[in-house]
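For reference, each letter of the sequence shown is one residue, going 3 to 272 in the working numbering.
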Amino acid sequence: KVLKARDLPSVVQYIESSACENVMLMLGAGVSTSAGIPDFRSPETGLYSNLQRLNLPHPEAVFEINFFRRNPVPFYTLAHELYPGKFRPTITHSFIRLLAEKKLLHTCFTQNIDTLERRAGVPDEKIIEAHGSFATQRCIDCQRPYDDAKMKDHIKRKAIAKCDSCQGFIKPDIVFFGEGLPSAFARAVPNLRKADLLIVIGTSLTVHPFASLTGMVDESCPRVLINMERVGDFGSRTDDVILLGKCDEIVLELCQSLDWEKDLNRLWEL
Ligand code: OAD
């Protein structure tokens, strides 16, 4: 057993010790809800329970490649609402940058496509956008890349962008159901063995392969879950710590105990 107890003070003590050098993060939509971006599966507020107006056969269809081929309108409607640029990083995003500044962050694996990690100033080389992002886009037929400014303009107008050469629909490089994850993800996964702390924040851990990363850290690596509810197999290992509640509040409490609150606020106010 590595931690004294399965609680926040034990995690703080561990982070302060010399044993903690390589922190790995796994993030989901819950880290961005306080920025005003809905998550997917929360009842009432989640995207999937609010998509009736898009006339989908089932909510996930909006992110299914075969559905998009037939009807890209629902995705473009959603993209218009979720397009990065409208939202400001949260306290939790600033905490991630702080971990990087303290030289503790090894890799931040994120499922989020909102690019708020980058906007918070987390170094690019520390971030693995496992489900891609809105940063680039291409034709779904000939794979030809499409211009950033033109894409932005189309999403702004909710107009479907089409390939200049083959007229195929243009899709941001977001990983849809039915598509493979970026090669950078596969390259980064073996690093999980180097983890001496895993912190999982704001995800339901329902989408694979991402969710299975929690099982890839060593048995001796403490795993911390910061989420509204218990998810995955958290609790099954002796050094699992489950901190339930809003992530910004828990992160703030962690930073207060670590005496990092001033640093956190400095980054948050940037
Ligand atoms: P989900 O919506 O499935 O899960 C979000 C989790 O965060 C839930 O457990 C919420 O209770 C929790 N949560 C929400 N707000 C929170 C807060 N302020 N503090 C702490 N926890 C909070 O989102 P993901 O797990 O990210 O894929 O979903 C995984 C993937 O499914 C997404 O990447 C997306 C989706 O289909 C693609 O688009 C390819």
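For each residue, glycine too, the CB sits at the ideal point set by N, CA and C.
Bear in mind the structure is a predicted one, so any value in this text is a computation, not a measurement.
Shown here, Cys223 sits in coil according to DSSP, grouped into three states, outside any helix or strand. Lys3: not part of any beta strand (DSSP E); DSSP gives it neither H nor E. C-alpha of Thr79 to C-alpha of Ile162: approximately 10 Å in a straight line.
Counting C-beta pairs closer than 8 Å gives three or more between the region 185 to 204 and the region 8 to 23, which meets the contact rule. In the structure shown, Ser135 adopts extended strand secondary structure according to DSSP, grouped into three states. The beta carbon of Gly204 sits closer than 7 Å to at least one heavy atom of ligand 1. The residue from Ile142, Lys152, Gly32 with its alpha-carbon nearest to that of Pro74 is Ile142. For Met218, the three-state secondary structure derived from DSSP is coil. Annotation: the continuous beta strand (DSSP E) that includes Val202 extends over 199 to 203. Here Ile228 is buried. Its C-beta has 16 or more other C-beta atoms within 10 Å.
Relative to the Cα of Ala7, the nearest Cα in the group Glu251, Ile17, Asp241 belongs to Asp241. Inclusion of Val209 in the 7 Å shell around ligand 1 follows from its C-beta lying nearer than that to a non-hydrogen atom of the ligand. In the three-state reduction of the DSSP assignment, Pro147 falls in the strand class, which pools E and B. Secondary-structure assignment with DSSP links Arg140 through a beta bridge to Pro147, Lys173. By the neighbour-count criterion, in which a residue is buried when 16 or more other Cβ atoms sit within 10 angstroms of its Cβ, Asp116 is buried. Judged by beta-carbon spacing, Phe212 lies beyond the 8 Å limit of Ile67, meaning their Cβ atoms are not closer than that value. Proximity of the beta carbon of Met218 to ligand 1 is not indicated: no heavy atom of the ligand is located closer than 7 Å. Placement of the Cβ of Ala31 at a distance of less than 7 Å from at least one heavy atom of ligand 1 is found. When secondary structure is reduced to three states using DSSP, Glu18 falls in the helix class.
DSSP places Glu66 in the strand class (E or B) of the three-state scheme.
In the three-state DSSP reduction, Lys164 falls in the strand class (E or B). Only residues of its own chain outside the window of five on either side were considered, and among them Val243, Leu245, Ile252, Glu255, Leu256, Ser259 have a CB closer than 8 Å to the CB of Leu10, listed in chain order. In this structure, ligand 1 has no non-hydrogen atom nearer than 7 Å to the beta-carbon of Cys165.
A residue is called buried when at least 16 other Cβ atoms come within 10 angstroms of its Cβ; Gly217 does not meet this threshold and is exposed. Distance check between Lys154 and each of Thr92, Pro86, Arg225, Ile176 places Pro86 closest, using alpha-carbon atoms only.
Note on Ser222: under 16 other CB atoms within 10 angstroms of its CB, so exposed under the neighbour-count rule.
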